[in-house]
Every structure is written in C-alpha cells, then in structure tokens.
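Visitor: Questions regarding the structure given below will be posed in turn.
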Amino acid sequence: LSQLFRPLDMLGWVYRTIRQGVIDMGAMFDLLDTGAEVRDVAGAPPLVVGDAGVRFENVVFGYEPDRAILKGIDLDVPAGATVAIVGHSGAGKSTIARLMFRFYDVQSGRILIDGQDIARVQQETLRAAIGIVPQDTVLFNDTIGYNIAYGREGATEEEIANAARGAAIGDFIESLTDGYQTRVGERGLKLSGGEKQRVAIARTLLKNPPILILDEATSALDSRTEAEIQATLEAIERGRTTIVIAHRLSTVVHADRIVVLEEGRVAEQGTHAQLLRANGIYAEMWTRQAREREEALAAE
Ligand code: ATP
C-alpha cells in the first residue's frame, strides 16, 4: 500500500483507475487529499516497531476546524491485542483509521506507536508498519496474481500462493484455467464481494505488518461468507496489534476490548460480556442488531 502514496506512482494509478473505473472514488479522494497536507518534519527518524503497542492520548480532530469529530479520545491498544471500535454511523470510527495512517494530522493530542509520536516519524515507515483490509477493495485490471502481489514489491510466486492460501482463496484461484494469470476487473473475471475481501486479506498477509486495521465492509455479505471471512480474519489477527472498525456488532464479540464512540468521545469500553452487563449504549445497539438479524433470517 505504501506504493500508493508516492506521487508518480499515484498519478499513473489515478490515470489507470479513472480510465478503468474500477476503484471506489471515495477511497481515491481520501488518498489524494492527504499527500498534499501531511509532510514529514525535517530530519524525521524512521518508526522503530517493537511490540507494536498503540496509544491515542487526548486526540482532538475535525475535518473542518470548527466541527470536531473526535473530542479528546484516549485509546490503548496493547501489543498483540484486538480492540474493536463501534458506534453509530458517523461517530468517527473510520476517522480513527485514517488518523492512524496519518492521512490527516490531529489538532491536538498524540497518537503513539511503541512510544513514538506518529506525526514525528517518516510517513513511509509508518505506513509500512500498518496493514489495512479496507471496506472496498480496489482491483486492478490485471491478473489476480498481480492484484495479490500488490501487497509487496518483489514477492515470489510461492509467496503469493501462500498468501492466497492463508486468505482461503488459493483453491479458488487454482481451480481457474489460467490460475494466477487469470485477469480480473472490468474486462476479466468479476469477483464477488467476499472474494475481493479475500484478495485484500492476501495482500495484507504478503505485507505481513505488525499492526492491522480491519475496516469492516458495510455492504452485507451473505451470512455464510461473512462467517468464513471472519474466521480467516481472526487467524491473521494472531500475533498482531489489531484495530477493528466495526459496523456490525456480531463481528466484534471476540475482541479483547470493545470501545464505544459517541459524540466524539469514548462513551464505554470493556469486553462484550462486560458491556452487555453495563446495559448502556452497546447493550442497546446489540439488542437492536440482534432483532434485525432475526428479522432478516425470518425473511430469508
Ligand atoms: P460509518 O459507520 O457510517 O462508516 P464512521 O463512524 O466510520 O461512520 P466517519 O467516516 O469516521 O464515521 O465520519 C465521521 C464524521 O466525519 C461524519 O460526520 C462524516 O460526515 C465526517 N467526515 C468524514 N470524512 C470527511 C471528510 N473527508 N471531510 C469532511 N467531513 C468528513
């Protein structure tokens, strides 16, 4: 992914994607926006990742100066733990992911990785340390092998195949007549939502980052595909510090901690069981989503 941020690559990429129309436009504008605003401070050292613990200290941020989205967020993601961020639509969950990548600078407060302020280290090294499985995966009109290898320059065929197997899409690819040489995208094979997510997971496995951000797809996959993807994700979370941006609560039950955002602040946090007992915002969201799931099942 760090490739995407180099200006020249970026131009080529933007040209190809506009021409081919295969990209989520929102994601593209997010990326374009940022390169211009956020710069390395002079002489910034590289980020040195040890255990990969992440901390937000009193982070205040808004896209417009007079409209704060995050109003003083304290967040501790211990090394190797999985922390899920939940909250109503527009609460600022995806904003937290964008700030981690330093797409934007915070207005006040700090974001630390192993004690280093991310605003003071080389961006390239920051972005190399973080893998993201986004809501919408960008596919290039190229081979499926290329699309996976995009996670890391110079990956060998064997590494690509291992990543595909780790993402549980290896068998599917091998069953295609042209295997990894099969073209995907507009003029090739159309992948389903679940398959695209698996490509994103395979990319991330190839990159092998110590920190993982999972921005859960908002568009619903069918429940079997969702459960399968969920199992794959839980496997790749092991040994990595993981932040899950969750839109559906059914996917965060296993998190070490769940953080509930409300009106720009952390309103509640704890495990699933603790938050249900607390009988607050999370418990209310859980009851509502459980009812919606039941209604959806009854309608099937
Ligand atoms: P959802 O669950 O619906 O995806 P979210 O909790 O992830 O929502 P964010 O995407 O973080 O919410 O957005 C938080 C707020 O910031 C929203 O009010 C949104 O309209 C606003 N916002 C997001 N991106 C921008 C932007 N580029 N410029 C201005 N405002 C923005």
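With full-length UniProt numbering applied, the sequence shown closes on residue 605, and no number is skipped along the way.
All C-beta atoms, glycine included, are put in the ideal place defined by N, C-alpha and C.
#1: Give me the Cα-Cα distance between Thr576 and Asp447, rounded to the nearest whole angstrom.
#2: If you run the structure through DSSP and keep just helix, strand and coil, what is Phe477?
#3: Got a sec: does the ligand ATP put a non-hydrogen atom nearer than 7 Å to the Cβ of residue 615?
#4: Going by the C-beta, is Gly569 closer than 7 Å to any heavy atom of the ligand ATP?
#5: What do you reckon, is the C-beta of Tyr368 under 7 Å from a heavy atom of the ligand GDP?
#6: Under three-state DSSP, which class holds Gly392?
#7: Find out if the Cβ-Cβ distance for the pair Thr509, Leu496 is shorter than 8 Å.
#8: Cα-Cα, which of Glu542, Leu404, Val438 and Ala466 is closest to Gln428?
#9: Starting from Glu605 and walking both ways along the beta strand (DSSP E), at which residues does that stretch end?
#10: My output table needs one value for Thr592: the three-state DSSP class, helix, strand or coil.
#11: Give the straight-line distance between the Cα atoms of Leu554 and Ala347, rounded to the nearest whole angstrom.
#12: Based on the DSSP secondary-structure assignment, which residues constitute the bridge partners of Lys376?
#13: Take every Cβ of the stretch 570 to 587, pair it with every Cβ of the stretch 397 to 413, and state whether three or more of those distances are shorter than 8 Å.
#14: Would you report the Cα separation of Arg570 and Ala386, rounded to the nearest angstrom?
#15: Can you tell me where the beta strand (DSSP E) with Leu519 in it begins and where it stops?
#16: Determine the direct distance from the alpha carbon of Ala603 to that of Ala434, and round the result to whole angstroms.
#17: Give a yes or no on whether the minimum CB-CB distance between Tyr368 and chain D is below 8 Å.
#18: Between the alpha carbons of Asp476 and Lys501, how many angstroms are there, rounded?
#19: Does Glu542 pass the burial test, meaning 16 or more other C-beta atoms within 10 Å, or should it be called exposed?
#20: With a Cβ-Cβ cutoff of 8 Å, do Ile437 and Asp520 count as a contact?
Guide: The answer reads as follows:
#1: One C-alpha to the other measures close to 43 Å.
#2: In this structure, Phe477 counts as helix in the three-state DSSP scheme.
#3: The structure shown does not extend to residue 615, since the chain is modelled only from 306 to 605, so the question has no answer here.
#4: Checking the Cβ of Gly569 against the ligand ATP gives no.
#5: In terms of ligand content, the structure shown lacks the ligand GDP and carries the ligand ATP instead.
#6: For Gly392, the three-state secondary structure derived from DSSP is strand.
#7: Against a cut-off of 8 Å, the Cβ pair of Leu496 and Thr509 comes out as no contact.
#8: Closest option to Gln428, Cα to Cα, is Leu404.
#9: The continuous stretches of beta strand (DSSP E) do not include Glu605, and DSSP gives it neither H nor E.
#10: Here Thr592 sits in helix by DSSP.
#11: Cα to Cα, the separation comes out at about 42 Å.
#12: Lys376 pairs with Val365.
#13: In short, these stretches do not touch, since the Cβ pair count stays below three.
#14: Distance between the alpha carbons of Arg570 and Ala386: 21 Å.
#15: Counted as a single uninterrupted DSSP element, the beta strand (DSSP E) harbouring Leu519 occupies residues Ile516 to Asp520.
#16: Rounded to whole angstroms, the gap between the alpha carbons of Ala434 and Ala603 is 44 Å.
#17: No chain D is present in this structure, which holds just one protein chain.
#18: Using only the alpha carbons, I get a separation of about 15 Å.
#19: Glu542 should be labelled buried.
#20: Yes. Within cutoff.
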